[in-house]
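Student:
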Amino acid sequence: MLTFKDEILQGIPKHLPPKVAYDASVSHAPKRKDILSKEEKKLAIKNALRYFPMDWHVELGKEFLQELVQFGRIYMHRFRPSYTMYARPIADYPGESLQARSVMLMIQNNLDPAIAQHPHELITYGGNGAVFQNWAQYVLTMQYLAQMTDNQTLHMYSGHPMGLFPSSKDAPRVVITNGMMIPNYSRPDDWEKYNALGVTQYGQMTAGSYMYIGPQGIVHGTTITVMNAFRKQLSKEESIHGKVFLTSGLGGMSGAQPKAGNIAGCITVCAEVNPAAARKRYEQGWVDVLIENMDELITVVRQAIEDKQIVAIAYIGNIIEVWESFLHADIQITVGSDQTSLHNPWAGGYYPIGLTFEESNVLMAEKPEQFKREVQQSLIRHVKAINDHVARGTYFFDYGNAFLLESSRAGAEVMATDGINFRYPSYVQDILGPMCFDYGFGPFRWVCTSADPDDLKTTDQIALNVLKDLQNTAYAEIQQQLGDNIKWIEQADQNKLVVGSQARILYADAIGRIRIAKAFNLAVRNGELSAPIVLGRDHHDVSGTDSPYRETSNIYDGSKFTADMAIHNVIGDSFRGATWVSIHNGGGVGWGEVINGGFGLLLDGSEDADRKLENMLFYDVNNGIARRAWARNDTARQAIEVELARTKSLKVTLANRVETVAINQIFEEYGD
8 MLTFKDEILQ GIPKHLPPKV AYDASVSHAP KRKDILSKEE KKLAIKNALR YFPMDWHVEL
68 GKEFLQELVQ FGRIYMHRFR PSYTMYARPI ADYPGESLQA RSVMLMIQNN LDPAIAQHPH
128 ELITYGGNGA VFQNWAQYVL TMQYLAQMTD NQTLHMYSGH PMGLFPSSKD APRVVITNGM
188 MIPNYSRPDD WEKYNALGVT QYGQMTAGSY MYIGPQGIVH GTTITVMNAF RKQLSKEESI
248 HGKVFLTSGL GGMSGAQPKA GNIAGCITVC AEVNPAAARK RYEQGWVDVL IENMDELITV
308 VRQAIEDKQI VAIAYIGNII EVWESFLHAD IQITVGSDQT SLHNPWAGGY YPIGLTFEES
368 NVLMAEKPEQ FKREVQQSLI RHVKAINDHV ARGTYFFDYG NAFLLESSRA GAEVMATDGI
428 NFRYPSYVQD ILGPMCFDYG FGPFRWVCTS ADPDDLKTTD QIALNVLKDL QNTAYAEIQQ
488 QLGDNIKWIE QADQNKLVVG SQARILYADA IGRIRIAKAF NLAVRNGELS APIVLGRDHH
548 DVSGTDSPYR ETSNIYDGSK FTADMAIHNV IGDSFRGATW VSIHNGGGVG WGEVINGGFG
608 LLLDGSEDAD RKLENMLFYD VNNGIARRAW ARNDTARQAI EVELARTKSL KVTLANRVET
668 VAINQIFEEY GD
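Numbering (our numbering), first residue to last: 8 to 679.
1) If you measure between the beta carbons of leucine 43 and alanine 203, is that distance less than 8 Å?
2) For the beta strand (DSSP E) that tyrosine 514 lies in, which residues bound it at each end?
3) Apply the 10 Å Cβ neighbour rule to proline 6 and answer buried if 16 or more other Cβ atoms are within range, or exposed otherwise.
4) How would you label tyrosine 677, buried or exposed, when you count the other beta carbons within 10 angstroms and need 16 or more for buried?
5) Please state the DSSP three-state secondary structure of glycine 490.
6) With a CB to CB cut of under 7 Å and the five nearest residues on each side skipped, what residues in its chain are close to alanine 633?
7) Do the CB positions of threonine 148 and glutamine 211 come within less than 8 Å of each other?
8) Could you check what DSSP says for aspartate 553 in three-state terms: helix, strand or coil?
9) Where lysine 464 and valine 65 are concerned, what is the direct C-alpha to C-alpha distance, given to the nearest angstrom?
10) State the start and end residues of the unbroken alpha helix (DSSP H) segment that holds arginine 388.
11) Under the DSSP definition of a beta bridge, which residues are partnered with arginine 452?
12) Does the contact criterion of 3 or more C-beta pairs under 8 Å hold for the region 302–314 versus the region 358–375?
13) With contact counted as at least three CB pairs below 8 Å, one residue from each stretch, are the region 500–508 and the region 473–486 in contact?
14) Is tyrosine 563 closer than 8 Å to leucine 412 when the C-beta atoms are compared?
15) Can you give me the Cβ contacts of glycine 224 inside the same chain, cut-off strictly under 6 Å, excluding the 5 residues immediately before and after it?
16) Going by DSSP in three states, serine 433 sits in which element: helix, strand or coil?
17) Could you tell me which residues DSSP puts in a beta bridge with valine 342?
18) Would you call aspartate 516 buried or exposed, if buried means 16 or more other Cβ atoms sit within 10 Å of its Cβ?
19) Quick one, are the C-beta atoms of glycine 256 and cysteine 277 less than 8 Å apart?
20) Please report the straight-line C-alpha distance between alanine 481 and proline 37, rounded to a whole angstrom.
21) Would you report the Cα separation of glutamine 264 and proline 450, rounded to the nearest angstrom?
22) Return the chain-ordered ranges of every alpha helix (DSSP H) run that is complete within the region 226–286 and spans a minimum of 4 residues.
23) By the DSSP assignment, the beta strand (DSSP E) with valine 296 in it spans what residues?
24) Within the chosen definition, does the region 170–188 reach the region 578–588 through at least 3 CB pairs nearer than 8 Å?
25) CA-CA distance, leucine 56 and tyrosine 219?
26) Would glycine 678 count as contacting chain C if we go by Cβ distances under 8 Å?
27) Who are the Cβ neighbours of aspartate 119 in its own chain at under 7 Å, not counting the five residues just before and after it?
28) Would isoleucine 493 and leucine 620 qualify as a contact pair, given that the criterion is a beta-carbon distance under 8 Å?
29) Quick one, which of Lys391, Val435 and Gly400 has its alpha-carbon nearest asparagine 408's?
Okay, here's the thing in structure tokens:
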């Protein structure tokens, strides 16, 4: 039997492995839409067989056709590795390049069944956020990484490893693109078609860039969002304890909501139609109470309100039922949102009321148009219940999952009186944009490649020391952001946020990220940390993503529908020292609705890493602040002026103020 290292080094095996049985014990992706013609199905099989020698083609071709018919995709389950999938210590991986081995670790972390939503279909989160399209791509990629030197770069085309190309030690070790379609071929059905053909994939944000760290990543952003949502709704004298936060979704990223609610200090009620997903979160300790009966839910919530409890409740059922029942029971919802995957509404991202989870999965595959109608009718009903609660004082925000966008397309009453904007804000418009992104604060994350919890505790303390030091000299407008993150990192270990790799996240600005990273690199160099650190971030950040309904929804100069910032971000990071870079179409709010970029950077204790981290992290943040300041965001203008005074080599084009009075005068004199 091959060892772990030997199995990685062999790539595509020399002998055809036996067919594997379908494993019903893990969560599987729903059957995808049957969208290919007969000739296109032949092309899909032909495309899949390219990875294998000709004498295997007849046997594998029949098997792949069966997968295509049964699942709507070709996953090549036969080639799924025999070893257990998880992030091992970096020393356990074969290969000459330490940087390449760090990428291998992160890939396996993304596919760890404790983290991945549908691990056997290589889906990490969001219903369709893929690391690879099939298992042949995985085994080839791992083999290439094991063979790579620090003078080569692996180029990844939507999960497909195109190959190792000569480069240099300063170049990225991996360059990743996902779903980069010609614009006219970027509709939802285009993803269905070209993914089924095996030529593109939906990488979500951090799935296809190997930077997902489990639900902790979204717990932090959700905690910041929920805390500030309650701050907007409550007076300074009112306590968050005993107040209700109602939302839905307990899948990959949305599963973080109840944990965030507990950290914030409220009552969280989160509905989930998939019993397995709800029970998984309960077993992981992310949910305190599991309820399947509405009468019981109402009783428990009323008692929690009376006792001012901090509790996370999962309700197995449809969220619409909860909104409507709470209305009739006169339960006050202080803050409401939704975190179902409405970027993927027709393929398992949102489930209509009146159908069981199983019935919906059958309907979406066999009668997709009827399923679409059911979803849209449910959205209309969903929005009506929300509107009724808002009339009673609820603060509702869109959590960037395309809820309002798809509701508007369904004909629900979500539009403002101007007929252009939504009546409810995106959480970026109201909270993260002006409070965090404009000032450069975003989801900075790291992974201890030793897999040692003691190393993670050491990094927590290092980060905490840096943040406290920065707080002593920070200007007034960012004191709250620093305070929230100091509280977060102080409580991170006791909140048991780690799933999979020994990873952490916090929000930091450019100077915070650079100083924390430098301190980490020094700790690796002097042996305080036992192995290198991988740095990264969520694409959901200051400058990595152009997304008009989420990350850049608080850009008001008309440029929120452009994607220059994200493209410059990934190109700029690539020659400033990133270990790997990625750029994706889709992610979070839907295929064709966003362009987002990410990076990974290995801190190996070297002086070279010091140079790279300072150069790259500075640009990675300030690129976005400069764009936001140019869009006339006052908070971003303040942040970039602080940086201009601090960094003399930085020169930025600043927007001159244009008064509305002058514009009105111009048009009055010009006439209609």
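Heads up, the beta-carbon is just placed ideally off N, CA and C, and yes, glycines get one too.
Tutor: The short version:
1) yes
2) 510–515
3) The first residue shown for the chain is 8 and the last is 679, placing residue 6 beyond what the model contains.
4) exposed
5) helix
6) Ile647 and Val659
7) no
8) strand
9) 53 Å
10) 375–397
11) Ile512 and Gly543
12) no
13) no
14) no
15) Ile512 and Asp545
16) strand
17) Phe252 and Tyr402
18) buried
19) yes
20) 49 Å
21) 16 Å
22) 264–271
23) 296–298
24) yes
25) 30 Å
26) Protein chains in the displayed structure number just one, and chain C is not present.
27) Met92, Tyr93, Ala94 and Gly507
28) no
29) Val435
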